[in-house]
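Numbering (the UniProt record's numbering), first residue to last: 1 to 209.
Listed below in structure tokens is the structure:
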């Protein structure tokens with residue numbers, strides 16, 4: 001077969017086929033050759049650059065202590081030395097939240113931390129802040145107990161003197177009552193009248209009994 005006849009037969013074969021794929025054309029995916037999935041490689045993790053402190057400069061941290069449960073406590077300590085111990089943090093929380101030190105647990109990543117631990121052991125070299133959790137043993141009852149105990153110590157002892165019905169028989173009581181009512185209603189006349197009505201009603205009641 002000459003080249004000319006081959007070219008003619010080839011063109012005839014091509015002309016019998018459609019020049020474009022029809023819109024309803026479908027091909028079986030199973031006929032495709034199998035190929036493995038291409039997975040992009042992981043990028044190398046760049047290490048953070050170390051910051052050089054000036055000679056004589058001391059590293060400081062912002063320490064946040066937060067309670068996620070009752071009682072709600074949040075203590076923020078700025079520009080603190082990383083050499084602080086966990087016991088120092090407990091003392092700071094106790095001073096600000098009125099909670100006994102022995103009732104406080106310091107948590108780091110939801111795990112209790114011993115009192116001898118130093119903050120520097122728990123924080124990264126490049127970190128400038130760290131957050132701790134607070135757990136109060138006994139909950140809000142521990143706070144209330146200490147608060148009540150402190151208030152009881154500060155309350156002055158009751159004055160020794162007349163009490164009960166004997167107080168109503170003293171002129172000092174009615175003078176104090178008139179002054180109190182006048183101060184509350186901000187009118188001396190109305191306060192005087194109210195005190196008089198109260199005294200007359202009290203004396204009438206006692207006289208009837």
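Ideal placement from N, C-alpha and C gives every residue a C-beta, glycine not left out.
Given residue i as reference, the closest of the options once Cα atoms are compared
i	options	result
residue 177	63, 191 and 165	191
residue 94	125, 137 and 31	137
residue 111	101, 103 and 135	135
residue 61	68, 71, 69 and 78	78
residue 174	187, 186, 185 and 202	202
residue 115	126, 91, 97 and 188	91
residue 166	206, 125 and 3	206
residue 168	196, 124 and 186	196
Residue burial classification, residue i (beta-carbon count within 10 angstroms, cutoff 16)
i	result
residue 172	exposed
residue 179	exposed
residue 39	exposed
residue 101	exposed
residue 99	buried
Close Cβ partners of residue i (< 6 Å) along its chain, the five nearest in sequence each way excluded
i	result
residue 64	76 and 131
residue 194	181
residue 199	174
Coarse secondary structure for residue i, derived from DSSP in three states
i	result
residue 133	strand
residue 58	coil
residue 167	helix
residue 85	strand
residue 175	helix
residue 112	strand
residue 43	coil
residue 99	coil
residue 126	coil
residue 186	coil
residue 69	coil
residue 117	coil
residue 27	coil
residue 37	coil
residue 20	coil
Inter-residue CB distance, residue i and residue j (contact presumed, cutoff 8 Å)
i	j	result
residue 104	residue 113	Their Cβ separation, rounded to whole angstroms, is 11 Å, which puts residue 104 and residue 113 out of contact at 8 Å.
residue 87	residue 118	Contact flag wrong, Cβ pair sits at about 10 Å.
residue 108	residue 122	5 Å
residue 59	residue 82	6 Å
residue 73	residue 97	5 Å
Cutoff 7 Å; reference residue i; Cβ partners in own chain excluding five residues on either side
i	result
residue 68	133
residue 80	60, 61 and 63
Neighbourhood of residue i by C-beta distance below 8 Å, restricted to the same chain and skipping five residues each side
i	result
residue 44	none
residue 183	191
residue 24	none
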